[in-house]
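Residue numbers (our numbering): 5 to 319. Below is one structure; the comments refer to it alone.
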């Protein structure tokens with residue numbers, strides 16, 4: 005509970021004392037897991053490695069592997085995400101560039117594509133970008149599109165309702181509208197697509213993390229994924245990111261939430277998460293919270309979230 009309020013030092017002290025006073029193996033295993041996770045979250049590698057030896061001796065099993073989950077490490081990791089720039093007229097001649105783009109994304113687990121310099125898109129180029137986006141999403145790669153709204157404007161000028169040409173351009177535009185969270189425009193275009201091509205359009209799937217405009221007038225980034233991601237610290241009254249899980253759920257029967265990069269929640273946000281997940285649970289949906297660290301997991305247990313969702317702990 006101290007960690008939920010941001011008091012890491014006090015939380016470490018309480019865990020140390022609890023271990024000294026606890027004898028049952030099951031309880032000690034839980035406390036050890038929380039202590040080692042908290043050391044990873046605070047970036048204390050030296051103490052982690054020292055206590056890992058004690059853990060291995062006591063439980064006769066391998067301890068969790070060291071991962072620097074501190075806020076500083078998270079910022080450094082975000083800074084290392086590679087950006088690929090697309091410019092000029094996008095055509096099928098860019099196939100080689102897209103092969104490299106996909107390799108970068110698969111290798112790093114995250115990728116930014118800067119679309120702000122694109123001036124035109126041909127059918128072959130639209131197909132390449134559409135396949136790349138869908139393929140990377142399916143592989144679970146965290147993909148950001150910088151200038152997605154700019155691309156939507158370029159594509160919009162190319163589609164003509166009633167003229168059954170440039171199908172891949174239409175499909176790419178529908179994809180981009182989803183992930184810039186432009187539901188009304190998507191629905192209008194979907195109707196035009198159905199009438200123009202005499203086939204059903206793709207169904208609406210809300211973005212995992214709706215686009216936000218970064219400070220300083222930088223280009224918009226839209227994160228695309230088949231899972232909803234919770235990152236960093238979700239605290240205080242800023243719980244809109246949790247309520248948007250409902251929109252992301254759409255028609256899904258299983259709602260996956262990636263919590264691997266979720267460092268901390270407080271009581272307010274945990275209460276909001278419980279309400280959101282309870283509503284989905286009442287609708288017969290299965291919510292799976294994956295990669296939850298031990299400290300956040302303990303708070304979720306206290307708040308009863310485990311009763312309405314499946315919580316999978318970080319290894």
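The C-beta atom is built at its ideal place from N, Cα and C for all residues, glycine as well. This one's a predicted model, so the numbers in the text were calculated from it and none came from an experiment.
{"Query": "Residue environment, residue 188, which counts as buried when at least 16 other CB atoms sit within 10 Å", "Result": "exposed"}
{"Query": "Sequence-distant residues of the same chain with beta carbon closer than 6 Å to residue 56, five excluded per side", "Result": "67"}
{"Query": "Reduced DSSP secondary structure (H/G/I, E/B, other) of residue 146", "Result": "strand"}
{"Query": "Residue 38 burial status per 10 Å Cβ neighbour count (16 or more: buried)", "Result": "buried"}
{"Query": "For residue 90 and residue 121, believed in contact at Cβ under 8 Å, the rounded distance", "Result": "7 Å"}
{"Query": "First and last residue of the uninterrupted alpha helix (DSSP H) at residue 112", "Result": "99-112"}
{"Query": "Beta bridge counterpart(s) of residue 282 as assigned by DSSP", "Result": "Paired residues: none, contrary to the question."}
{"Query": "Residues near residue 168 by beta carbon distance below 7 Å, same chain, minus five either side", "Result": "200, 201"}
{"Query": "Proximity winner among 297, 311, 313, 303, relative to residue 71 (alpha-carbon distances)", "Result": "297"}
{"Query": "Residue 170, DSSP secondary structure in three states", "Result": "coil"}
{"Query": "6 Å Cβ shell around residue 293 - same chain, five flanking residues per side excluded", "Result": "261, 263, 313, 315"}
{"Query": "For residue 93, the residue or residues it bridges with in DSSP", "Result": "124"}
{"Query": "Residues that DSSP places opposite residue 232 in a beta bridge", "Result": "261"}
{"Query": "Bounding residues of the beta strand (DSSP E) (the contiguous stretch that carries residue 269)", "Result": "266-269"}
{"Query": "Below-7 Å beta-carbon distance, residue 245 vs any chain C residue", "Result": "In the structure shown, chain C cannot be found, because there is only a single protein chain."}
{"Query": "Beta bridge counterpart(s) of residue 87 as assigned by DSSP", "Result": "116"}
{"Query": "Of the residues 63, 145, 318, 53, the one placed nearest residue 266, counting alpha carbons only", "Result": "318"}
{"Query": "Residue burial classification, residue 58 (beta-carbon count within 10 angstroms, cutoff 16)", "Result": "exposed"}
{"Query": "DSSP state of residue 239 mapped onto helix, strand, coil", "Result": "coil"}
{"Query": "Proximal residues to residue 156 (C-beta, below 7 Å), its chain only, five neighbours per side dropped", "Result": "177, 180, 181, 184"}
{"Query": "Residue(s) in a DSSP beta bridge with residue 317", "Result": "296"}
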